[in-house]
Amino acid sequence: MKDMALWNEGDWIAAIATIALFAILAIGGIIAGRKSEEVVGHPRGLFVLFYAEMWERFSYYGMRALLVLYLTKHWLFADSKANLVYGAYGALVYIMPVLGGILADRWLGQRKAVIFGGVLLALGHGLMAVEGIGGQSDPTINVFWAALAFIIVGSGFLKANISVIVGQLYKMTDVRRDAAYTIFYMGVNVGAALGTILVGYLGETIGWAYGFGLAGIGMVIGLIIFLIGKPALRGRGEPPAPLAQGREFTLYAVGIGAVAVVWGLIQYQDVIQNLLIVSGLAMLGYTLYEAFKLPKEARERIFAMLFLIALNPLFWGLFEQAGGSLNLYTDRFVDRAGVPTSLFQSINPIYIVLFAPIFAALWQYLGRKGLEPSAPAKFGLALTQVGLGFLVFVWGANSVGAAAMTPVLFVFLIYLLHTTGELCLSPVGLSAMARLAPLHLASFVMGAWFYMTAVGNFVAGKIGEATGGEGGEMSKELTLQIYSKIGWITIGISVVVLMVSPFVKRWMHLDTLEDRAEPKPE
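In my numbering, the protein residues as written are 548 to 1069.
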């Protein structure tokens, strides 16, 4: 234990995060002890999901904050290659919900899929603690690839399905739905903030294995909370039909087989790019096939969802520079005052915890006044803000001259604009998918939403790879040039989205949306 008189800013931040973690656990204990079925106007099951997802995000984002640094400093990858691996990893994390969603929709049910995913995640984070001696000639790197594979497949079973259970707690016309997803999203980001700080702090200051080991412990806690909280879910997320034990174990075997496949894929990023293209076209074809079997309004709702889903790669391709190129830029070209690089990854989730209640209240207030922007308009605003974030960052870096370190203020500003953009897109998109999707496609549609986020993550890796230039090592000048270009392009696209948003809103047919039975094919 370091003498408190010698603590620096990073030590104090980690100590405050530890206190906050215990406070949140205490609040959770109070909620768990309540007898009422509702807490602050929402079903108690929402808070079971809140805490389970909080711990899953604690482990996931804690590891994410360290990943690029771990790749470059421990396994000695070039900057460009590390960014590409980071992007491929993120892409596979978000494509796997398609598999997890389909298996849950048809056979397994969302609750059992979440449990299986949590077990795989705990195993993966445990394997991340196996360091070896480092360098790409170390055979232990194969354990590292296996760890990523377990985490990727585990996320696929957990992510889409836990979000679907949130939607199942509310009626389709319940005005609390958007607020519920925003509260749930706060759980995501409480875990992300604390995990980033504590896992990142341990990993960078004490040892990689300590950071990754803490991430694994966090996942186990989340899994335990979900198991104990089953009664609060009121039977939501169970298998659609009685599930024989033999078939259930066959489904788990499919998941283990997927781990083996992903272990190979993550090492060959070009294959992932082709996989994304082919599988994306296949998903689009299947979605359109299903759409044209439905009545007009249900079909047009699917068209509206496809429009929203199509904007995902652009937003996340830019936003996910945070864990890749922006992480490396912060490490090398920002005046950090001694704070470990990974801790800056906590700025975004902290902003979300602060601003999510404000946005939730704002949407409800505007909704009562009939002034709330439509989901497509919110997406346009999200793109405006993410593009503006890069432009502000570039201006700030250039304002002090090429030779000077970028003031840390502009790291806070880019995360601020990206966070407000995220709050206009991510919880709103989750709510729209659960609200507009036909009942028999609920998890598939949620999987498709995460799939296009996968494409965005791979795009992020390609953008990050470009910041390495021909030699593979990041340069400040080239990175700022790329950030400026993508910022202006995104602003232009956002204007187009805002212009067409009224037409997309009509496809949503919100005036006839009600607690409906399964739509019948024509």
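Positions of the beta carbon are idealized from the N, C-alpha and C atoms, including for glycine.
What separation, rounded to the nearest whole angstrom, lies between the Cα atoms of residue i and residue j?
i: F691; j: G1003; result: 24 Å
i: Q911; j: Y833; result: 35 Å
i: F997; j: P644; result: 7 Å
i: G738; j: P789; result: 34 Å
i: E556; j: A944; result: 23 Å
i: E795; j: A660; result: 10 Å
i: F1050; j: P920; result: 13 Å
i: R1063; j: L841; result: Here the model assigns R1063 a pLDDT of 46, short of 50, so the residue's position is not dependable, and the following value carries that caveat. Near 14 Å, if we compare the C-alpha coordinates of L841 and R1063.
i: Y636; j: T1059; result: 41 Å
i: A857; j: P923; result: 11 Å
i: L853; j: I775; result: 37 Å
i: L901; j: T797; result: 44 Å
i: G1073; j: I662; result: The requested residue 1073 does not occur in the structure, where the chain is confined to residues 548 to 1069.
i: V591; j: K777; result: It should be pointed out that residue 591 corresponds to Arg in this sequence rather than to Val. Rounded to the nearest angstrom, the two C-alpha atoms are 11 Å apart.
i: Y728; j: A949; result: 43 Å
i: L964; j: V958; result: 10 Å
i: G763; j: S606; result: 6 Å
i: G914; j: E844; result: 23 Å
i: I578; j: I730; result: 15 Å
i: I813; j: G917; result: 47 Å
i: V818; j: Y617; result: 23 Å
i: K1023; j: G754; result: 28 Å
i: L861; j: G927; result: 11 Å
i: L1025; j: E584; result: 55 Å
i: A873; j: F880; result: Checking the displayed sequence, the identity of residue 873 turns out to be Leu instead of Ala. Those two C-alpha atoms are separated by around 10 Å.
i: V1043; j: T931; result: 11 Å
i: L822; j: L875; result: 28 Å
i: I574; j: V595; result: 12 Å
i: K1052; j: L983; result: 12 Å
For residue i, which option in the options has the closest C-alpha, if you only look at C-alpha atoms?
i: N736; options: I899, V722, N630; result: I899
i: A756; options: H672, W910, V958; result: H672
i: V939; options: I1038, P923, A922, E847; result: I1038
i: G714; options: F1050, M993, W1035, A800; result: M993
i: R658; options: N708, E678, G976; result: N708
i: F937; options: A908, I849, G968, T729; result: G968
i: S1041; options: M999, A989, C971; result: C971
i: P787; options: R604, V711, A907, D652; result: D652
i: V711; options: I649, G754, E584; result: I649
i: Q820; options: K1009, I905, T729; result: K1009
i: I640; options: E785, G592, S978, A694; result: One point to set straight first is that residue 640 is Val, not Ile, in the sequence displayed. Ranking E785, G592, S978, A694 by Cα distance to V640 puts A694 first.
i: D878; options: T619, M766, D817, P686; result: T619
i: L865; options: S826, V933, I905, A829; result: V933
i: V825; options: S1022, V886, A951, I642; result: I642
i: Q1028; options: V941, A800, R1053, G782; result: V941
i: L1045; options: E678, G976, K925; result: K925
i: G827; options: A1001, I571, F597; result: A1001
i: V767; options: G1011, A807, G664, V975; result: G664
Between residue i and residue j, how many whole angstroms is the CB-CB distance? I'm expecting something under 8 Å.
i: A564; j: L761; result: Between L761 and A564 the Cβ distance is about 12 Å, and since that is not below 8 Å, they are no contact.
i: N895; j: A869; result: 6 Å
i: W602; j: Q683; result: About 32 Å separates the two Cβ atoms, so there is no contact after all.
i: A599; j: G769; result: 5 Å
i: M999; j: A851; result: The Cβ separation is near 15 Å, so there is no contact.
i: F759; j: G750; result: 7 Å
i: G543; j: N630; result: Beyond the ends of the chain as shown, which are 548 and 1069, falls residue 543; an answer cannot be given.
i: G647; j: F704; result: 4 Å
i: A979; j: L835; result: Not a contact, Cβ separation roughly 18 Å.
i: Y748; j: A903; result: About 24 Å; that fails the 8 Å criterion.
Between which residues of its own chain and residue i is the CB-CB distance below 8 Å, once the five residues before and five after are set aside?
i: G1019; result: A625, D626, S627, K628
i: S723; result: Just to set this straight, residue 723 is Arg in the shown sequence, not Ser. Excluding sequence neighbours, R723 sits near G588, H589, Y717.
i: A791; result: none
i: L956; result: G943
i: D882; result: M952, T953, P954, V955
i: V886; result: N555, E556, G557, I560
Among residues of its own chain, excluding the 5 on either side of residue i, which ones have a beta-carbon nearer than 6 Å to its beta-carbon?
i: I680; result: none
i: M551; result: none
i: A838; result: R846, I849
i: Y608; result: A739, G742, T743
i: A981; result: G714
i: L780; result: G592
So is residue i in contact with chain C if we call contact Cβ pairs under 7 Å?
i: V818; result: Chain labels in this structure do not include chain C; a single protein chain is all it has.
Looking only at its own chain, which residues have a Cβ that is under 7 Å from the Cβ of residue i, when we skip the five neighbours before and after it?
i: Y815; result: none
i: L674; result: V690, A693, A694, F697
i: P1066; result: Any reading at P1066 must be qualified, since the residue scores a pLDDT of 48, below 50, and its modelled position is unreliable; the value itself is stated next. Answer for P1066: L841, P842, A845, P985, listed in chain order.
i: I905; result: none
i: E785; result: G656, R658
i: A562; result: none
Note to self: Across the region 608–627 and the region 885–900, are there enough close Cβ pairs to call them in contact, namely three or more that are closer than 8 Å?
What the structure shows: Touching, yes, given that three or more Cβ pairs across the two stretches are closer than 8 Å.
Check: Do three or more CB pairs link the region 668–684 to the region 692–701 at distances below 8 Å?
Finding: Three or more beta-carbon pairs separated by less than 8 Å link the region 668–684 to the region 692–701, which places the two stretches in contact.
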